[in-house]
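Residues in the sequence shown are numbered consecutively from 2, following our numbering.
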Amino acid sequence: MFRFLSLVTLYIIFSGLNAFAQDASKGLIQPGAIWPDNKGNHVQAHGGGIIKIKDTYYWFGEYRAQDNDTSYRYVGCYSSKDLTHWTFRNKVINIQDPENLGYRWVLERPKVFYNAKTRKYVMYMHIDDARYKVARVGVAVCDRVDGDYQYVKSFRPLGYESRDIGQFVDDDGSAYLIFESRPSKGFYIARLTDDYMNVDKEVCFIHAPLEGGAVVHYKGLYYAIGSALTGWRPNPNKFATAKSLAGPWSEFKDIAPPETNTYSSQSTMILKVTGTKGTTAIFMGDIWKPKEQWDSRYLWMPLEIGDGKLKLPEPKPWSINLKTGQYKLAP
Ligand code: GAL
Numbered sequence: 002m003f004r005f006l007s008l009v010t011l012y013i014i015f016s017g018l019n020a021f022a023q024d025a026s027k028g029l030i031q032p033g034a035i036w037p038d039n040k041g042n043h044v045q046a047h048g049g050g051i052i053k054i055k056d057t058y059y060w061f062g063e064y065r066a067q068d069n070d071t072s073y074r075y076v077g078c079y080s081s082k083d084l085t086h087w088t089f090r091n092k093v094i095n096i097q098d099p100e101n102l103g104y105r106w107v108l109e110r111p112k113v114f115y116n117a118k119t120r121k122y123v124m125y126m127h128i129d130d131a132r133y134k135v136a137r138v139g140v141a142v143c144d145r146v147d148g149d150y151q152y153v154k155s156f157r158p159l160g161y162e163s164r165d166i167g168q169f170v171d172d173d174g175s176a177y178l179i180f181e182s183r184p185s186k187g188f189y190i191a192r193l194t195d196d197y198m199n200v201d202k203e204v205c206f207i208h209a210p211l212e213g214g215a216v217v218h219y220k221g222l223y224y225a226i227g228s229a230l231t232g233w234r235p236n237p238n239k240f241a242t243a244k245s246l247a248g249p250w251s252e253f254k255d256i257a258p259p260e261t262n263t264y265s266s267q268s269t270m271i272l273k274v275t276g277t278k279g280t281t282a283i284f285m286g287d288i289w290k291p292k293e294q295w296d297s298r299y300l301w302m303p304l305e306i307g308d309g310k311l312k313l314p315e316p317k318p319w320s321i322n323l324k325t326g327q328y329k330l331a332p
């Protein structure tokens, strides 16, 4: 009996390892699948964002591992040179209720900007209490991309309530915070100050009650994606376009067949990859599992985008060639 059980255990261990090996050797991004990091743990970077430093991408997001100390909140940082294989770097935020908001305080949707003038990495995050009544952004700063970020302060950007945040860096390097404001019934795109430590100026208010705001500048046109306000439940995410970030913005339209509820995901960012032969705009979404947050998945897919149109295709495994900027769907 014991020998039989140990054989079963060995089989389970080896088939598990094999699954990881397969992911790595195929070099595929698999929407909705467990995404193992270099140690075989599912990547914990939910509601995340990505920046590129030299030839390396850094993915930051909510670190919601099952064995987290529940009074702490963590931000995970992972690095990759191919957007497919991710190395765990650090829990770059590891803090306990800096604003005295109570045991169930909230830290969500962290986004990191690199400021070339100050050479500092500046993180914005949504800070709240358990009832989401505080509605502020928090700011933390670090000298290293994957170092221990120091929490600095929280505030309401331009005096407005702010819940889901997003980040956008334009082709000229200017940096913007996107934030949803319930009382205004819409979301703001606001420029950061020179040192990125504050929100400086409203560039645009988009009068559409959308969160999970994500923007990309693609072939001369701005595209904004947002999600309806349905909490953890997925909904049909929508997009609009504008010639200038300041608008006017077109009407919002579905990015995917509405009955799929964005293939059960919610937007967090659009990542643009430009290479020698083309540009791919990657939709980064979260497939939330509210009761098992640690097992929430990611839906990353190249968007079909151009000439004012945008479509999130049906999720399938795919790969990207960072040199050429082109993607391929798996056969
Ligand atoms: C969603 C939001 C998430 C989280 C959740 C809590 O609307 O996008 O980031 O705040 O609500 O219910």
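A virtual CB, placed ideally from N, CA and C, is assigned to each residue, including glycine.
Residue i CB to nearest heavy atom of the ligand GAL below 8 Å
i: TYR133; result: yes
i: THR231; result: yes
i: GLU212; result: yes
i: VAL107; result: yes
i: SER297; result: no
i: ARG110; result: yes
i: ASP165; result: yes
i: SER228; result: yes
i: HIS127; result: yes
i: GLN31; result: no
i: GLN67; result: no
i: GLY49; result: no
i: GLN327; result: no
i: GLN168; result: no
i: GLN267; result: yes
Rounded separation between residue i and residue j - CA only
i: LEU102; j: LYS278; result: 50 Å
i: VAL93; j: PRO249; result: 38 Å
i: LEU304; j: SER268; result: 12 Å
i: GLU315; j: ARG132; result: 35 Å
i: LYS317; j: THR263; result: 14 Å
i: MET270; j: PRO99; result: 26 Å
i: GLY213; j: LYS154; result: 22 Å
i: ARG192; j: ARG183; result: 20 Å
i: ASN369; j: TRP36; result: Because the chain here runs from 2 to 332, residue 369 falls outside it and cannot be looked at.
i: ASP70; j: TRP106; result: 13 Å
i: ALA257; j: GLY139; result: 32 Å
i: ASN95; j: ASP68; result: 14 Å
i: GLY343; j: PHE240; result: Residue coverage of the chain in this structure runs from 2 to 332, which leaves residue 343 outside it and unanswerable.
i: THR194; j: ASP255; result: 33 Å
i: ALA25; j: LYS134; result: Its pLDDT being 46, under 50, ALA25 is placed unreliably in this model, and the value from its coordinates should be taken loosely. In a straight line, the C-alpha of ALA25 is about 43 Å away from that of LYS134.
i: HIS86; j: GLY41; result: 11 Å
i: ASP172; j: SER228; result: 24 Å
i: LYS290; j: TYR189; result: 28 Å
i: ILE283; j: ALA215; result: 11 Å
Close Cβ partners of residue i (< 7 Å) along its chain, the five nearest in sequence each way excluded
i: SER265; result: PRO235 and ILE288
i: GLY187; result: PHE206, ILE207, HIS208, ALA209 and PRO210
i: ASN116; result: VAL123, ASP196 and TYR197
i: PRO259; result: PRO237
i: LEU222; result: THR242, LYS244 and GLY309
i: TYR12; result: Confidence at TYR12 is low in this model, with a pLDDT of 42, below 50, so the placement of that residue is unreliable and no value is reported for it.
i: LYS220; result: GLY307
i: VAL44; result: TRP36, ASP38, TYR79 and TRP87
i: THR281; result: VAL274, PRO303, ILE321, GLY326, GLN327 and TYR328
Bridge-paired residues (DSSP) for residue i
i: PHE188; result: GLU181 and ILE207
i: GLN168; result: LEU178
i: ILE51; result: TRP60
i: VAL44; result: Answer is none; VAL44 lacks a bridge partner.
i: ALA282; result: LYS273
i: LYS121; result: ASN116
i: ARG212; result: The residue asked about is misnamed: residue 212 is Glu in this sequence, not Arg. BP columns for GLU212 point to SER228.
i: THR71; result: None, per the DSSP bridge assignment.
i: HIS127; result: GLU109 and VAL138
i: ARG298; result: ILE288
Contacts around residue i, its chain only, beta-carbon distance under 6 Å, and the 5 residues preceding and following it disregarded
i: SER72; result: GLN97
i: GLN294; result: ARG65
i: GLY309; result: THR242
i: VAL170; result: ALA176
i: LYS202; result: ARG192
i: VAL113; result: ILE52, PHE61, TYR122 and MET124
Whether residue i touches residue j by CB criterion (9 Å)
i: TYR125; j: GLN168; result: yes
i: GLY62; j: ARG110; result: yes
i: LEU108; j: ARG74; result: yes
i: LYS273; j: VAL204; result: no
i: GLY1; j: MET302; result: Lying before the first or after the last residue shown, residue 1 is absent from the chain, which here runs from 2 to 332.
i: ASP129; j: ARG157; result: no
i: LEU230; j: VAL200; result: no
i: ASP149; j: ARG120; result: no
Proximal residues to residue i (C-beta, below 8 Å), its chain only, five neighbours per side dropped
i: ILE54; result: TYR115 and VAL146
i: GLY276; result: ASN322, LEU323, LYS324, THR325, GLY326 and GLN327
i: LYS331; result: What sits at residue 331 in the sequence shown is Ala, not Lys. Here the set comprises LYS27, LEU29, LYS317, PRO318, TRP319 and SER320.
i: SER297; result: HIS47, ARG65, ASP287, ILE288, TRP289 and LYS290
Proximity test, residue i beta-carbon vs the ligand ATP heavy atom, cut-off 8 Å
i: GLY307; result: Absence of the ligand ATP from the depicted structure is noted, with the ligand GAL being the only ligands included.
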